[in-house]
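Peer 1:
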Amino acid sequence: MLPEPQQPPVPPSTPDPTGKQSSATRASEAIVPTRYGTFQLVAYLESPSEKEHVAIVSGAPVPDVIPLVRVHSECLTGEVIYSLKCDCRDQLDRALGRIAAATWGAVIYLRQEGRGIGLVNKLKAYALQDEQGLDTVDANRALGFEDDLRDYNVAGQILRDLGMTTVRLLTNNPDKVEGLERAGINVAERLAHFGDGTPHNADYLEAKARRMRHDLPLRSPSPPTK
Ligand SMILES: [Zn+2]
C-alpha cells in the first residue's frame, strides 16, 4: 500500500531558522478501520524529543496524481474534550473525510499541542485570555512564547518518507505552506479548509485571521480600534 521506507529511511533534517535539528524515523505501521474509511497508520518517532507522530494514509500512489495532505497539530482540548474554543476538531474530522475520498493522501498528525507550547501552557494562555481579555497571540506572548512554535521540518521528513514530495495542502495558513516549502515539500495547491464558527471560537478565529495571516473570513472589513 505504501512505498517502502527509503534508504536512508528519512533524509537528515533541514536546518530550521530556529536552530532546531530534529529528525523523524518510521517506527511502526498498521491498517486501522475508522468511521471515515480504512487508513494505514504509520507511527514516527522524533529525535531527540521522542515525540510520537502519526501519518494517517489513504489510498496508494498513482502516477500524475498529487496527494491530498493535511498537516495537523494535536489539539487535546478540541479533539478529545470537544472544546468549542477552537476549530481543530472540525478541521481534523473534515480532513479525514476529504482524504479518505481522495485517490491518495494523508493527514500528518503532529504532537505539538497549543501551537507548540504544550498543554500546561495552553491552559495558562486560556486563563489569561479569560482573565485579561488577551487574544491568543498576546496570551502566548505574555507567557514568553513566540506566536507559533510549530516546527514543520518533521512534517517535511514524514512526507518525503511517504513519497509525498509534491502535495495539495488543506490549510488556511500561509505560514504552514512556507514552512513545508522550507522543509523541501512542493505545495502545488493550497485548498481552503474551514471548521465551524461558534460563539466560543469567534474571537480565536478572528485573531488567527488578523494577527496570524490565516485566510479566514473577517467579521468586519477594518480592524477594531482598541
Ligand atoms: Zn484546538
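If you count the sequence shown from 1, you need to add 3 to reach my numbering. For each residue, glycine too, the CB sits at the ideal point set by N, CA and C.
1. Which residue or residues does DSSP assign as beta-bridge partners of Gln115?
2. Can you give the beta carbon distance from Gln94 to Gly198, rounded, assuming they're within the 8 Å contact cut?
3. Would DSSP call Val233 helix, strand or coil?
4. Have a look at Leu165 and Ala63 and give me their C-alpha separation to the nearest angstrom.
5. Mapping the DSSP letters down to three states, classify Gly81 as helix, strand or coil.
6. Ligand 1: which residues have Cβ under 5 Å from any of its heavy atoms, chain order?
7. Are at least three pairs of beta-carbons, each pair with one atom in the stretch 178 to 193 and one in the stretch 45 to 63, less than 8 Å apart?
8. If you run the structure through DSSP and keep just helix, strand and coil, what is Ala58?
9. Is there contact here, the stretch 65 to 79 with the stretch 100 to 110, by at least three beta-carbon pairs under 8 Å?
10. Determine, using beta carbons only, whether Tyr47 and Ala27 come nearer to each other than 7 Å.
11. Under 7 Å, do Ser76 and Arg153 count as touching if we go by C-beta distance?
12. Counting pairs of Cβ atoms below 8 Å between the stretch 37 to 53 and the stretch 134 to 147, do you hit three or more?
13. Taking the beta carbon of Thr228 as the centre, do at least 16 other beta carbons fall within 10 Å, making it buried, or is it exposed?
14. Which first and last residues belong to the beta strand (DSSP E) in which Tyr47 is found?
15. What distance in whole Å lies between the Cβ atoms of Leu173 and Ala98, which are believed to be in contact at a cut-off of 8 Å?
16. Going by beta carbon distance, what residues of the same chain come within less than 7 Å of Ala30, once the five residues before and after it are set aside?
17. May I have the straight-line CA-CA distance separating Ala263 from Val190, to the nearest angstrom?
18. Can you tell which of Arg101, Val140 and Leu113 has the C-alpha that lies nearest to the C-alpha of Arg213?
19. Taking the beta strand (DSSP E) that Val68 belongs to, which residues open and close that run?
20. Helix, strand or coil for Pro220 per DSSP?
21. To which residues does DSSP link Thr168 through a beta bridge?
22. Glu149 by DSSP, collapsed to three states: which one?
23. What did DSSP end up calling Ala30 once you bin it into helix, strand or coil?
24. Kindly indicate the opening and closing residues of the alpha helix (DSSP H) around Ala191.
Peer 2: If we stick to the structure as given:
1. Paired residue(s): none; Gln115 is not in a bridge.
2. 5 Å
3. Because residue 233 is not part of the residues shown, which for the chain are 4 to 229, the question remains open.
4. 10 Å
5. helix
6. Cys78, Gly81, Cys89 and Cys91
7. no
8. strand
9. yes
10. yes
11. yes
12. no
13. Its pLDDT being 45, under 50, Thr228 is placed unreliably in this model, and the value from its coordinates should be taken loosely. Burial call: exposed.
14. Gly40 to Ser50
15. 6 Å
16. Ala46, Tyr47 and Leu48
17. The structure shown does not extend to residue 263, since the chain is modelled only from 4 through 229, so no value can be given for it.
18. Val140
19. No beta strand (DSSP E) contains Val68, which DSSP labels as neither H nor E.
20. coil
21. Beta-bridge pairing links Thr168 to no other residue.
22. coil
23. strand
24. Premise fails: Ala191 lies in the beta strand (DSSP E), Asn189 to Leu194, not in any alpha helix (DSSP H).
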